[in-house]
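The block underneath contains the structure these notes are about, expressed in structure tokens.
Numbering (our numbering), first residue to last: 1467 to 1630.
Printed below as a string of structure tokens:
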């Protein structure tokens, strides 16, 4: 059974992000979302049984693109981002033979809040936390990047829109 979808969203104008985020709070099929900086601008966790979330996102002012990753194994816990930490999402592409083993290894790492298996352009989406972005970068280079099975990864930092 499909556990949901991650929708990775970009805008042609990042200034539209704050208005867009407010509108996302009114869409019932959206479980949660985080603003991110890097390859994408929003990571949205949506129910899989409806295209309402994607349609709502595509209608947002400034919308540019949407990439869908179906959640196969949802390891995302109910969490609130603690603003005393910094966070980054990792979008990982692994070889198919290592997918499940890699998921177990990632979920055992202390700085990984969760790692869910997905299908689409990425095989895993993980949330990393640490004291600051520099420590996140060092953790990824030291503990994650050379794990068996990882082919490529992208990293986007989580933004707290209420601090901007």
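Each residue gets a CB set at the ideal place from its N, CA and C atoms; glycine is no exception.
Remember, predicted model here, so these are calculated numbers, not experimental data.
Residue i vs residue j beta-carbon contact at 8 Å
{"i": "residue 1609", "j": "residue 1575", "result": "yes"}
{"i": "residue 1541", "j": "residue 1577", "result": "no"}
{"i": "residue 1581", "j": "residue 1562", "result": "no"}
{"i": "residue 1560", "j": "residue 1474", "result": "no"}
{"i": "residue 1482", "j": "residue 1527", "result": "yes"}
Same chain only: Cβ atoms within 6 Å of residue i, ignoring 5 sequence neighbours per side
{"i": "residue 1497", "result": "1511"}
{"i": "residue 1488", "result": "none"}
{"i": "residue 1620", "result": "1505, 1557"}
{"i": "residue 1522", "result": "1493"}
Residue burial classification, residue i (beta-carbon count within 10 angstroms, cutoff 16)
{"i": "residue 1509", "result": "buried"}
{"i": "residue 1546", "result": "exposed"}
{"i": "residue 1479", "result": "exposed"}
Sequence-distant residues of the same chain with beta carbon closer than 8 Å to residue i, five excluded per side
{"i": "residue 1599", "result": "1552, 1554, 1623"}
{"i": "residue 1584", "result": "1472, 1535, 1536, 1537, 1538, 1590, 1591"}
DSSP bridge partner residues for residue i (one or two, in chain order)
{"i": "residue 1584", "result": "1537"}
Rounded distance between the beta-carbons of residue j and residue i, thought under 8 Å
{"i": "residue 1571", "j": "residue 1613", "result": "6 Å"}
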